[in-house]
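Here the structure comes first, spelled out in structure tokens, and everything after it is commentary.
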Amino acid sequence: MDGMQLKLSSLAKPGRWPEAGRVMGRGLDVAHALGAPAGHRPALHAGRNLLVALLTLVSFALPARAQIPSEWQAAAQVVIGEFERDAPHLASRPWGSELRQGWSLARAWRQHNNGNTEIILAEYLTFTALCRAPGCAGNTIEGQPYVAMAQRVKALIAEQGGSYALAGNAHAWLAGLADPTGAAQKNAALWNKDLNVAAADFATGNLYALAWLLARARPTPAEQAATFARFALLVQGRAWLGTRCVDISKIATVLDAPPKVESCS
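Start counting at 1 in the sequence shown, then tack on 981, and there's your number in the numbering used here.
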């Protein structure tokens, strides 16, 4: 499978647990196929009906269960590790259930907002990062139920006049922050070149609004800029994190290959 490409905004194609075969309504007339006399066909039909019922029960007992792509888990650890480079107290913590919690929260978020659970990589990275720090017990986002946060995101997008307007306004806000590293201004200029990246897709538009909400809640301009940079990176693929330019656009593009964070300028 080497060479198969996956974009940050591509749909998840998780593996499935085995399922029992589904029984078609028309079915096969087993009695006729076996050449049974007409008088014996009802008994054989009854046996066939029992088999159908048993197979149906097995089918319900073995529902399809989505699995986290291993490439995504590895990518999450590498990207979040990049965030933690400047925070040794976080980087030294062992990984626990964050990878599974992030998957669960991302699917719950997607189900609430879009009516399905086919999440994109950016959603998985975002919610795994949130589960890593500060934690997401009970499917919460920084202490708030995810449904309540989703409602705030929806309200913010409407208030801003849509996802495109929100992205442009978020970039203007970012450019005006007093960031001693200069990353805020560089990111605003970089991302404002193409608003489609953040706004053209329903899922990324929601993530961008969430990133802005989280960033605006930080106490200082520097923390606001850093928070928005981290979460916007997961949508944009490239960002300045302090004095270094980080490119994760190919973080999970080649299956069965180790993920790699690249530098940019």
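No residue lacks a Cβ here, since even glycine has one placed at the ideal position from N, Cα and C.
- Counting only the Cα atoms, D1228 lies some 24 Å from P1115.
- Taking G1223 as the centre and dropping the five residues before and after it, the same chain places the C-beta of D1067, T1162, A1164 and A1207 closer than 8 Å to its C-beta, in chain order.
- Relative to L1188, the option among A1198, F1209 and N1168 whose CA is nearest is F1209.
- The stretch 1105–1120 and the stretch 1068–1088 touch, with no fewer than 3 CB-CB distances between them shorter than 8 Å.
- In the three-state reduction of the DSSP assignment, L1236 falls in the coil class, being assigned neither a helical nor a strand state.
- By the criterion of a C-beta distance shorter than 6 Å, I1049 is surrounded in its chain by W1084, once the five residues flanking it on both sides are discounted.
- Taking the C-beta atoms as reference points, I1100 is found no nearer than 8 Å to A1110.
- If the five residues before and after L1191 are omitted, its C-beta is found closer than 6 Å to the C-beta atoms of V1134, all from its own chain and listed in chain order.
- V1227 carries a strand assignment under DSSP once its states are collapsed to helix, strand and coil.
- Rounded to the nearest angstrom, the gap between the Cα atoms of H1152 and F1183 is 19 Å.
- Beta-bridge partners of A1114 (DSSP): none assigned.
- S1244 has V1227 as its beta-bridge partners, per DSSP.
- Taken in chain order, the complete alpha helix (DSSP H) segments of 4 or more residues contained in the stretch 1090–1145 are 1102–1113 and 1127–1141.
- From the listed residues P1239, A1131, L1158 and A1169, the smallest Cα separation to G1149 is found for A1169.
- Around the beta carbon of D1175, a 10 Å sphere encloses fewer than 16 other beta carbons of the protein chains shown; the residue is thus reported as exposed.
- In summary, E1123 is exposed, with fewer than 16 beta-carbon neighbours lying within 10 Å of its beta-carbon over all protein chains present.
- Annotated as proximal: L1080 and A1057, with beta-carbon spacing under 8 Å.
- Per DSSP, R1197 lies in no beta strand (DSSP E); the unbroken alpha helix (DSSP H) holding it starts and ends at F1183 to R1197.
- Judged by DSSP secondary structure, A1170 falls outside any beta strand (DSSP E) and instead within the alpha helix (DSSP H) spanning A1164 to W1172.
- Leaving aside the five residues that flank A1055 on each side, the residues in its chain whose CB is nearer than 6 Å to its CB run, in chain order, P1240.
- A residue is called buried once 16 or more other Cβ atoms fall within 10 Å of its Cβ, and E1140, having fewer, is exposed.
- By the CB criterion at 8 Å, F1064 and R1211 fall inside the cutoff.
- For W1221, the three-state secondary structure derived from DSSP is strand.
- Bounds of the alpha helix (DSSP H) holding W1053 are S1051 to F1064.
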